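Reviewing the structure listed below.
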Amino acid sequence: MTRAFNFSAGPATLPESVLRQAQAEMVEWNGIGASIVEISHRSADFMAVAAAAEADLRSLLSIPDDYAVLFTAGGATTIQALLPLNFAAPGQAADYVITGHWGKTAIKQAATYVDARIAADAQAEGFVDIPPAASWTLSPHSAYVHITANETIHGVEFRDTPDVGTLPLFADFSSSIASEPLDISRYGLIYAGAQKNLGPVGISVVIVRRDLLERAGQPRADIFNYASHVARDSMLNTPPTWNWYLLGLTVKWMLEQGGVQEFARRNAEKAALVYSAIDGSGGFYRNLIKPAVRSRMNIPFFLPDEQLDALFVSESKAAGLLALKGHKAVGGIRASLYNAMPVAGAQALAAFMHDFQQRHG
Numbered sequence: 001m002t003r004a005f006n007f008s009a010g011p012a013t014l015p016e017s018v019l020r021q022a023q024a025e026m027v028e029w030n031g032i033g034a035s036i037v038e039i040s041h042r043s044a045d046f047m048a049v050a051a052a053a054e055a056d057l058r059s060l061l062s063i064p065d066d067y068a069v070l071f072t073a074g075g076a077t078t079i080q081a082l083l084p085l086n087f088a089a090p091g092q093a094a095d096y097v098i099t100g101h102w103g104k105t106a107i108k109q110a111a112t113y114v115d116a117r118i119a120a121d122a123q124a125e126g127f128v129d130i131p132p133a134a135s136w137t138l139s140p141h142s143a144y145v146h147i148t149a150n151e152t153i154h155g156v157e158f159r160d161t162p163d164v165g166t167l168p169l170f171a172d173f174s175s176s177i178a179s180e181p182l183d184i185s186r187y188g189l190i191y192a193g194a195q196k197n198l199g200p201v202g203i204s205v206v207i208v209r210r211d212l213l214e215r216a217g218q219p220r221a222d223i224f225n226y227a228s229h230v231a232r233d234s235m236l237n238t239p240p241t242w243n244w245y246l247l248g249l250t251v252k253w254m255l256e257q258g259g260v261q262e263f264a265r266r267n268a269e270k271a272a273l274v275y276s277a278i279d280g281s282g283g284f285y286r287n288l289i290k291p292a293v294r295s296r297m298n299i300p301f302f303l304p305d306e307q308l309d310a311l312f313v314s315e316s317k318a319a320g321l322l323a324l325k326g327h328k329a330v331g332g333i334r335a336s337l338y339n340a341m342p343v344a345g346a347q348a349l350a351a352f353m354h355d356f357q358q359r360h361g
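According to the UniProt record's numbering, the residues represented by the sequence shown are 1 to 361, in order.
This is the structure:
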């Protein structure tokens, strides 16, 4: 069997070695006579899996000791609704920086529970740039400032951590976590759905400074209380054990490959290959994003017309390059280059782009 190069934005490609290990261990795990999906989440066997996943993630991301790590069911959209419930007092404001589709989603989810204010909004310019932090309108008593570190649809990425003074900075890192070194101490909280760089869909990671967990927040059920989840080691209720196990395998694979420093190198190489194909096409391929904020993870681009877009998707699939159709909100083409995408995948895409232009340009 030959695996294609899968450029899906999420759920996304996983390391083949991780998939094969999971396949081998699906029926019986570690000689216990049962599958990992069949045993209690409170068993000593699974508790060891969970503890190893956290220890490896802390090592991979250099997470400081004064930060708690949560593994939660569901995705980033759920977390966006829970942030104000846990960290904003009734009537308190929270500031949101809108740099794309997912920034809009974040403020929409929060607005039911908090005075959600737009500190900066790049929509008027078409989400092609990130407003400089010095231009943001921040509320002096804001509960937090929220950003989306990487926008998967528009292909815009914060390349530096913005300075928001003494306000806690919260960030959605769903599509760029572990893609390069990150100083987590600059943030009050970061979170990520796993299905792009950390593992399968259905589980998320929340990394939060412990002192923030002391905030009263707003009235909420215990199941929505992050402090309660921390106290119970992310097992306040039955967690998605299979997803947690796969996340642990993926994180361990990243450590074995050389960690975030190595993936930063690979990701820069992959992105350069695709952007060079775009920029060297004489306008046949177009990426509209300002170069300083171009995403390394998600590269959207457009051909001269929609018919060529469709033909590109069809021919690329036949060539073993999957899931290159752009998001329905913007159209065009999108290549997602997460950690598990090998450099060979970006090389194959760049070569196909050149060949396609030669034949249809």
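The C-beta atom is built at its ideal place from N, Cα and C for all residues, glycine as well.
Remember, predicted model here, so these are calculated numbers, not experimental data.
#1: Run through DSSP, which three-state label would Lys325 get?
#2: Does Met254 pass the burial test, meaning 16 or more other C-beta atoms within 10 Å, or should it be called exposed?
#3: For residue 362, count the other beta carbons within 10 Å of its own beta carbon; 16 or more makes it buried, fewer makes it exposed. Which is it?
#4: Between Gly155 and Ile63, what straight-line distance do the alpha-carbon atoms span, to the nearest angstrom?
#5: How long is the line joining the alpha carbons of Arg294 and Gly31, rounded to whole angstroms?
#6: Which whole-angstrom value is the C-beta distance of Ser176 and Glu157, which I expect to be below 8 Å?
#7: In chain order, what residues of the same chain have a beta carbon less than 7 Å from the beta carbon of Ala348, not counting five sequence neighbours either side?
#8: For residue 426, tell me which candidate among Ile299, Gly331, Met297 and Lys290 has the shortest Cα-Cα distance.
#9: Following the continuous alpha helix (DSSP H) through Phe46, name the residue where it begins and the one where it ends.
#10: Taking only runs that begin and end inside the stretch 95 to 174, name each unbroken alpha helix (DSSP H) of 4 or more residues, in chain order.
#11: Check for me: the beta strand (DSSP E) holding Ser336 runs from which residue to which?
#12: Exposed or buried, Lys290, counting other C-beta atoms within 10 Å across all chains shown (16 or more means buried)?
#13: Taking all protein chains shown into account, decide if Val27 is buried (16 or more other Cβ within 10 angstroms of its Cβ) or exposed.
#14: According to DSSP, is Ala346 part of a helix, a strand, or is it coil?
#15: In terms of DSSP beta bridges, what is Phe302 paired with?
#16: Counting only the same chain and skipping the five closest in sequence on each side, list residues whose C-beta sits under 7 Å from that of Gln195.
#17: Quick test of your reading: residue 367 and Ala88, contact by CB under 8 Å. State the CB separation rounded to the nearest angstrom.
#18: Mapping DSSP to helix, strand and coil, what is Ser204?
#19: Here's a check: name, in chain order, each residue in its chain whose Cβ is nearer than 7 Å to the Cβ of Gly91, leaving out the five neighbours to either side.
#20: Can you find the residues in the same chain that come closer than 7 Å, C-beta to C-beta, to Leu249, ignoring five residues on each side of it along the sequence?
#21: Identify every residue that forms a DSSP beta bridge with Phe71.
#22: Cβ atoms of His146 and Phe170: under 8 Å apart, would you say?
#23: May I ask you to list the residues that DSSP assigns as paired with Gly193?
#24: Taking the alpha-carbon positions, what's the Thr166 to Ser40 distance?
#25: Which residues in the same chain as Phe263 place their Cβ atom closer than 8 Å to its Cβ, once the five residues preceding and following it in sequence are excluded?
#26: Let me confirm a value: Pro240 is counted as buried when at least 16 other C-beta atoms fall within 10 Å, else exposed. Which label applies?
#27: Could you tell me the alpha carbon to alpha carbon distance between Ala277 and Ala350, rounded to whole angstroms?
#28: Just the C-alpha distance for Glu269 and Ala221, rounded to the nearest angstrom, thanks.
#29: Using the Cα positions of Ser35 and Trp242, report the straight-line distance between them to the nearest angstrom.
#30: Are the beta-carbon atoms belonging to Ala319 and Phe284 less than 8 Å from one another?
#31: Between which two residues does the alpha helix (DSSP H) harbouring Glu262 extend?
#32: Do you know how far the Cα of Thr161 is from the Cα of Pro140?
Taking the structure as given:
#1: strand
#2: Met254 should be labelled buried.
#3: Only positions 1 to 361 of the chain appear in the structure, and residue 362 is not among them; the question remains open.
#4: 27 Å
#5: 47 Å
#6: 6 Å
#7: Phe5 and Leu321
#8: Given a span of 1 to 361 for the chain in the structure shown, any question on residue 426 remains unanswerable.
#9: Ala44 to Leu61
#10: 101 to 110
#11: Ile333 to Ser336
#12: exposed
#13: Result: exposed.
#14: helix
#15: According to DSSP, Phe302 bridges with Arg286.
#16: Gly10, Pro11, Ala12 and Val201
#17: Lying outside 1 to 361, the shown extent of the chain, residue 367 is not represented and no answer is given.
#18: It is a strand residue.
#19: Asp115
#20: Val18, Gln21 and Ala22
#21: In DSSP, Phe71 forms a bridge with Val205.
#22: Yes, the Cβ-Cβ distance between Phe170 and His146 is below 8 Å.
#23: Ser204
#24: 43 Å
#25: Here the set comprises Ala178, Ser179, Glu180, Met254, Gln257 and Asn339.
#26: Of the residues assessed, Pro240 falls on the buried side of the cut-off, its CB having 16 or more other CB atoms within 10 angstroms.
#27: 6 Å
#28: Using only the alpha carbons, I get a separation of about 46 Å.
#29: 10 Å
#30: no
#31: Gly259 to Asp279
#32: 19 Å
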